[in-house]
Amino acid sequence: MAETAKWYVVQTYSGYENTVKATIEKTVESRRLQEIIHAVSIPVENVTEISDSGVAKTVERKVFPGYVLVKMVMTDESWYIIRNVRGVTGFVGSGTKPTPLTEEEVLQLGMEKKEIVVNYAVGDTVRIADGPLTSFSGVVEDLDLEKNKVRVVVSMFGRETPVELELDQVEVIPQ
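Going by the working numbering, the sequence shown opens with residue 232, and the numbers climb by one from there.
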C-alpha cells in the first residue's frame, strides 16, 4: 500500500474507552484487517493516590478520558468500521476529515519510541547538530539514556558551560 498508517484520535462516550478498544480489536481480528488497522491504544499513567486514612495506593488513570488512539491507514473502509463502533462519537479533526497526530505528538504521548543509536560516551568530543548551539563542540559530561538526555560541556565566551540536550542533538566528531 502506498499510504502509511498514522495515529488518529477517536472520541468516545466517557467510560466506554475500554469497550471501544476491545470492539475495534475484535473487529480487526474477525475481519482480518490487520493491514489497515494496526493498533488501538488508551494512554494511561500510574498515579499514587493517598486516601483520607493516609493509605497510598497506585492506580492507573486515563490520560485522555473519552478518547482512544488508533493507528491505521485511513481508507473509506477503515473510517466506516471505526466510526460505526458502538460508543464512538467520531474522529478528532476539522469538519468530516480526521486529522492524524503529528510525529512530535506521537513521540510526546509515548505511543512509539524513536530508537536513537548513541555512538559516543562520557569524555568524547561531540558537535551539537541541532538547536540554538548548532555547530558548537564540547565534551560529553553525562549520559542519561532513560531520559533521552546528554550533558555536554561547551566553551562559550571563555567559560566552560554545561548544556543539556537530547541524545539525537549531538554527533561524534570523527578523529
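For every residue, glycine included, the Cβ atom is placed at its ideal position computed from N, Cα and C.
Remember, it's a predicted structure, so these values are computed and weren't measured experimentally.
For residue j and residue i, the rounded distance between their alpha carbons
| i | j | result |
| --- | --- | --- |
| Ile255 | Val240 | 13 Å |
| Thr289 | Val275 | 12 Å |
| Glu291 | Asn315 | 28 Å |
| Val401 | Ser386 | 15 Å |
| Lys328 | Asp283 | 47 Å |
| Met232 | Met305 | Reliability fails at Met232, whose pLDDT of 37 lies under 50, so the model's placement of it is uncertain and no value is given. |
DSSP-derived helix/strand/coil call for residue i
| i | result |
| --- | --- |
| Thr320 | strand |
| Lys328 | strand |
| Glu335 | helix |
| Gln242 | strand |
| Ile404 | coil |
| Ser366 | coil |
| Glu372 | strand |
| Glu377 | coil |
Nearest-angstrom beta carbon gap, residue j and residue i [assumed within contact, 8 Å]
| i | j | result |
| --- | --- | --- |
| Leu374 | Val403 | Wrong, their Cβ atoms sit about 12 Å apart, outside the cutoff. |
| Gly362 | Val383 | Contact flag wrong, Cβ pair sits at about 11 Å. |
| Val381 | Asp355 | About 10 Å separates the two Cβ atoms, so there is no contact after all. |
Of the residues the options, the one placed nearest residue i, counting alpha carbons only
| i | options | result |
| --- | --- | --- |
| Gly318 | Ser245, Pro329, Pro331 | Ser245 |
| Glu308 | Tyr247, Leu332, Glu266, Glu395 | Glu266 |
| Pro296 | Val357, Tyr247, Asn350 | Tyr247 |
Threshold first: 4 residues or longer. Then list the alpha helix (DSSP H) segments lying entirely within the stretch 245-284, N to C.
With a minimum length of 4 residues, the continuous alpha helix (DSSP H) runs that stay inside the stretch 245-284 are 248-262.
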